[in-house]
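All the letters of the first sequence, read from the start, carry residue numbers 9 to 895 under the working numbering. In this text, a Cβ means the ideal position worked out from N, Cα and C, and glycines have one as well. Nothing here was measured: the structure is a model prediction, and the numbers come from that model. Data block below; observations after.
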Amino acid sequence: MDYNFTGIEKKWQKYWEEKKTFKTPEDLKNPKKCYVLDMFPYPSGAGLHVGHPEGYTATDIYSRYKRMKGYNVLHPMGWDAFGLPAEQYAIQTGTHPSITTKNNCDTFRRQIKDLGLSYDWDKEINTTDPKYFRWTQWIFIRLYNTWFDESLQKGRPVSELKIPEEIRNQGNKEITKFIDSKRLAYYDNAQVWWCPNCRIVCANEEVLFDGSHEKCGNRVERKYLKQWMLRIPLYAERLLKGIEGLDWPEGIKDMQRNWIGRSTGAEVDFAIDGLNEKLTVFTTRPDTLFGATYMVIAPEHSLTGIITTDEKRKAVDDYIKAASLKSDLDRTDLAKDKTGVFTGRYAINPVNHKQIPIWVADYVLTGYGTGAIMAVPAHDTRDFEFAEKFGLPIICIQDPDLPDSDQKKRIVAGKECWTEDGKYINSSDKSTGIDINGLNKEAGIAKIISWLVAERLGKEKVNYKIRDWLFSRQRYWGEPFPVIHWEDGEVTLIDENQLPLQLPELEKYLPGESGESPLSNATEWLIVTDKSGRRGRRETNTMPQWAGSCWYYLRYIDPSNDKMIFDTAKEKYWMPVDLYIGGAEHAVLHLLYSRFWHKVLFDLGIVSTDEPYQKLFNQGMILAFAYENESGTKVATDVIEERDAKFFNKETGTEVRQIVAKMSKSLKNVVNPDDVVAKYGADSLRLYEMFMGPLDVIKPWDDKGVKGVSNFLGRTFRFFSNQENIVDGNEDPEILKGLHQAIKKVEGDIENLRFNTAISAMMIFLNLAYKKGKVTKDTVVTFTKILSPFAPHLAEELWNLQGNHKSIAYEPWPEVNEDYLKEDLFEYPVSFNGKLRFKIELPVTMSKEEIAKIVLADERAKKWLETGTLSNIIVVPNRIVNIVLKS
RNA sequence: GCCCGGAUGGUGGAAUGGUAGACACGCAGGACUUAAAAUCCUGUGGCCAUAACGGCUGUGCGGGUUCAAGUCCCGCUCCGGGUACCA
């Protein structure tokens, strides 16, 4: 029988859809549950590309396997459908983004269904659906009404916030101000990144290191705008600690840790000569206080005006002005060429009462620590550069842990910077009584900190790099904030039961040049009046795309609930997500934001787990072959021809080099899954995506490779659909052994997400079946079962051909029978001095001594034994024999 | 600069410190066919040798540990990802 994959696949897709085969079980009593989640896609106009099915197939195999293992499986799909492209399209064509979005979702859904993925489509969600974003707005209200109790390290309702007496006495305005200063969500004039091309603000995270917007590649600028911000840094410690217990790739954990950027050190107060002010700095190296030879404050520091002396005022003002005109990009661009100016004022070093000059320089950032530093040029490379440039003193206070050398001499003389450990020198002072000479870094830091604390000059301090999260965008196609700004300055949130706050219809989607969102044109929607006639204006910003994706995994649990965000019992049953697969590009942002929201919801008692995603796995990107000529110029794939494993440009005849690159329209190497499904079938596409290599590595698509798995499926179908190959009676022991080896390997590999080797195990079995020519019906059935998570359409068909009329999807997974795997003999490789010379088959139970005896007596051993004298013989049972000879 | 990951045949890739190259593509040969495709079978790291057995060599480079290293340790090179004056 021919393998008509198109007919088979359509037939079973229809069956699954009609029978709702993959409907999520309602019964919450089964203690075995498994929540398998894909990162939901942004449904772009281009449709699915072959990168999408990689993760989707992996989760599908896992889900199908878990169902066969008796688990209740939740495996949903949905759309992260707010976003710029639909809005850009609306600007160009006037088509409402909701129409574009719907069309794109329809295409994606159709394409995904063509792959035979076992989603429960009754659980589909769409972030742009008011029934969905109603709850996104609802969560925003929760964030707004939550403060973070640092002593309990926990978010709590603002109603539980104690107002200090002195604030209470100052009246309502101050009380409001106080509460607002504690809310997790706040509205403030913020210096933000502005992309003039997209006319949108970007979060710090969306600006690439070269100062370009990650979405469009244009340079961003600084701008002050009133924005919504979320106080994610308050959760820094919780977010950091939470990482430890998660089954995530170490690399991703590290990236999150780096992003949060915890560093421990001390805050130290410096008195300022001639002023009744103190300058507080943050340092991770309080032990180097004796080496502090100057101070630096950021240009934006609040004390610059006070500190600067009259004779230096003009120079400092000019410098500050120049710095403010520079974008952050220019500041970092010039990282190596430091600038700065002396304020004319001196600070007093608390450890030795020495006067040290205070400088203003933009290599010190306002947003980190206190915006001021003590500079220790001998032991900090940045300070060293600055000191060298401006001729400031460099005092070495740490004799480096190095052997005597020129380098050591240079360091001690202050000619070179040393940032590693060493023994302190020049680090004592009689007047203050502090002395750390001779100690090493760890002891030095501890001693100085306890001294600073005792003298009330400083304290231990932890700082984080992570900043407040800029949470608004000047766009139409996003969730509207449920916020009204009243004419008297009050800000209120609309009532929970008024949700959702829908988007108004618009004629034009172009944002204003001033930076206001297109919503500011929706006059009717925009202006509101309360009962007492007070006028207000709705918030015109919308939420960023992260908002909807921050909590979508929770809505899948109960997507059509219109009374609650989800049913509590269901949430308790299904959470946390047991397996979450998606691209590593979301390693920091989505996953960190999402964890933050989840922790807030947990603190408020809305969800039952502290972390949302127990196990995370990143699929590697799928690239494509591309071609370039000698000079490195890329050549479009459609003009390439292959001859004798070499590649040539058809038009010019010159040889080109095959390289691996991202799929792109210009290279003409984009692979469309629809084409692959049409040519080879969905099962082949699925199998190839998994067979290409390990799930987590970057790998190039190769059409030839699809042929390999397609052959395998064709061979499988032809063999098992042919009744002549299926016999009664007892199974051949070799077949049984091969079959059970395959079950064992496939099972273990699915658990470890190593699908490529699982598939090769099945290929090995099939090759054995072909060699033997005949198998029993039991074998057909068992093999079909282990194949079914990978190639579900083909498996259903074979299962059906065996006379079964129910789906194979819930058949119990085959048990491995270890008896069939037992071996009587093992073929020992015998090596001499580590080099394999011959093999010998011996009983697995044979003792080491006996093995040694037989091997040494073997005819083939003689030749090698003559080459030296026997010194040792290593016998590792059922593994290897190694004979060690001395010459 | 710093952090993380990687480098294995012509290609994608296998390999709990124990037979390197499973499986697949490609290629070569054979069977079937008038022929081709499809299918089925055999071979296939490189070098040398051959009637045959065989030998040497080989996992980016240089060292080391070990009876034994693709795998562990030290020092590099190149490639990819993240991050960037974070005190």
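Beta-carbon spacing of residue i, residue j below 7 Å
i: residue 460; j: residue 452; result: no
i: residue 706; j: residue 63; result: no
i: residue 272; j: residue 401; result: no
i: residue 645; j: residue 677; result: yes
i: residue 46; j: residue 67; result: yes
i: residue 550; j: residue 488; result: yes
i: residue 852; j: residue 846; result: no
Proximity winner among the options, relative to residue i (alpha-carbon distances)
i: residue 266; options: 244, 109, 155, 331; result: 244
i: residue 935; options: 618, 833, 841; result: There is simply no residue 935 to check, as the chain begins at 9 and stops at 895 in what is shown.
i: residue 388; options: 682, 406, 737, 198; result: 406
i: residue 843; options: 646, 891, 191; result: 891
i: residue 239; options: 476, 86, 141; result: 476
i: residue 474; options: 581, 779, 617, 263; result: 263
i: residue 257; options: 746, 614, 591, 873; result: 591
i: residue 58; options: 671, 716, 850, 893; result: 671
i: residue 311; options: 355, 882, 294; result: 355
i: residue 607; options: 156, 762, 14; result: 156
i: residue 201; options: 195, 186, 233, 172; result: 233
Opposing strand residues paired with residue i [DSSP bridges]
i: residue 271; result: 471
i: residue 165; result: 154
i: residue 235; result: 196
i: residue 649; result: 656
i: residue 493; result: 499, 545
i: residue 255; result: 623
i: residue 894; result: 877
i: residue 783; result: 734
i: residue 642; result: 636
i: residue 206; result: Paired residues: none, contrary to the question.
i: residue 896; result: Given that the chain is displayed from residue 9 to residue 895, the structure contains no residue 896 and the question cannot be resolved.
i: residue 590; result: 626
i: residue 80; result: 41
i: residue 346; result: The partner list for residue 346 (beta bridge, DSSP) is empty, contrary to what the question assumes.
Limits of the unbroken beta strand (DSSP E) element including residue i
i: residue 407; result: 406–408
i: residue 628; result: It is not in any beta strand (DSSP E) - residue 628 carries neither H nor E in the DSSP assignment.
i: residue 363; result: 363–368
i: residue 305; result: 302–305
i: residue 845; result: 843–851
i: residue 288; result: 286–291
N-terminal and C-terminal residue of the alpha helix (DSSP H) that residue i is part of
i: residue 452; result: 449–462
i: residue 556; result: 554–557
i: residue 857; result: 856–865
i: residue 16; result: 13–27
i: residue 113; result: 105–121
i: residue 717; result: 711–728
i: residue 180; result: 180–188
i: residue 833; result: Taken as a continuous stretch (DSSP letters only), residue 833 belongs to no alpha helix (DSSP H), being part of the beta strand (DSSP E) at 833–840.
i: residue 696; result: 690–699
i: residue 96; result: 92–101
i: residue 30; result: Note, residue 30: premise wrong, no alpha helix (DSSP H); not H, not E.
i: residue 803; result: 800–809
i: residue 563; result: 560–563
i: residue 312; result: 312–315
i: residue 743; result: 741–759
i: residue 420; result: 414–420
Inset, instruction - Decide yes or no for the touch test of the segment 723–743 against the segment 692–704: beta carbon pairs closer than 8 Å, at least 3 of them. - result: These segments do not touch.
Legend entry - the segment 725–740 in contact with the segment 784–797 per 3-pair CB rule at 8 Å: These segments touch.
Inset, instruction - For the segment 573–588 and the segment 546–556, state whether three or more C-beta atom pairs, one from each stretch, are separated by less than 8 Å. - result: Not touching, per the Cβ criterion.
Legend entry - Contact between the segment 442–452 and the segment 415–433 (3+ Cβ pairs under 8 Å): yes
Inset, instruction - Could you tell me whether the segment 67–81 touches the segment 93–100, using the rule of 3 or more Cβ pairs below 8 Å? - result: no
Legend entry - Contact the segment 34–51 vs the segment 676–694: 3+ CB pairs below 8 Å: no
Inset, instruction - Decide if the segment 174–192 is in contact with the segment 629–638; the criterion is three or more beta carbon pairs, one per stretch, under 8 Å apart. - result: The segment 174–192, when compared against the segment 629–638, does not touch it at the 8 Å Cβ threshold.
Inset, instruction - State whether the segment 305–320 contacts the segment 347–362, with contact taken as three or more CB pairs (one from each stretch) at a distance under 8 Å. - result: yes
Inset, instruction - Specify whether the segment 124–136 and the segment 25–32 touch according to this definition: at least 3 beta carbon pairs, one from each stretch, less than 8 Å apart. - result: yes
Legend entry - Three or more C-beta pairs below 8 Å linking the segment 660–668 and the segment 716–732: Contact check between the segment 660–668 and the segment 716–732: fewer than three CB pairs, one atom from each, fall below 8 Å, which does not count as touching.
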